[in-house]
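Each residue of the sequence shown is one higher than the one before, starting from 157 at the first, in my numbering.
Glycine residues also receive a C-beta, built at the ideal position from the N, C-alpha and C atoms.
Keep in mind the model is a prediction, meaning the values are calculated, not measured.
I have placed the structure first, in the form of structure tokens, so that the comments after it can refer back to it.
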Amino acid sequence: MQEKRGEKMKLEKLKGLLVEHKKTYADLAELLGVSITTINSKMNGKTQFDVVEATMISDWLGLDCSSRVDIFLHNNLHNIQVIS
């Protein structure tokens, strides 16, 4: 259950960044070329963003390397040092 809670916290960070950048789920769906239903599924933790999607979102939001790791990598990979 710990991992699920950690994933939810990461998605909350992503949701916050979307609000900060005045972006909607519709904007995100358009960027990724998927439906809003798919975005809802990913943002609610039912499915995950793949590497290509994570990269596209990170570039779109201007995320630094540390933020990318924080939001998109699983908890068990968090101890990896990021070199930027």
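Query, Result
"Three-way DSSP call (helix, strand, coil) for G172 in this model", "helix"
"Cβ distance (whole Å) where K179 is taken to contact M199 below 8 Å", "Not a contact, Cβ separation roughly 12 Å."
"K169 vs I227 beta-carbon contact at 8 Å", "yes"
"Inter-residue Cα distance where the pair is L174 and L217", "8 Å"
"Simplified DSSP assignment, three categories, for S223", "helix"
"Straight-line gap, G189 to L167 (C-alpha atoms, nearest Å)", "20 Å"
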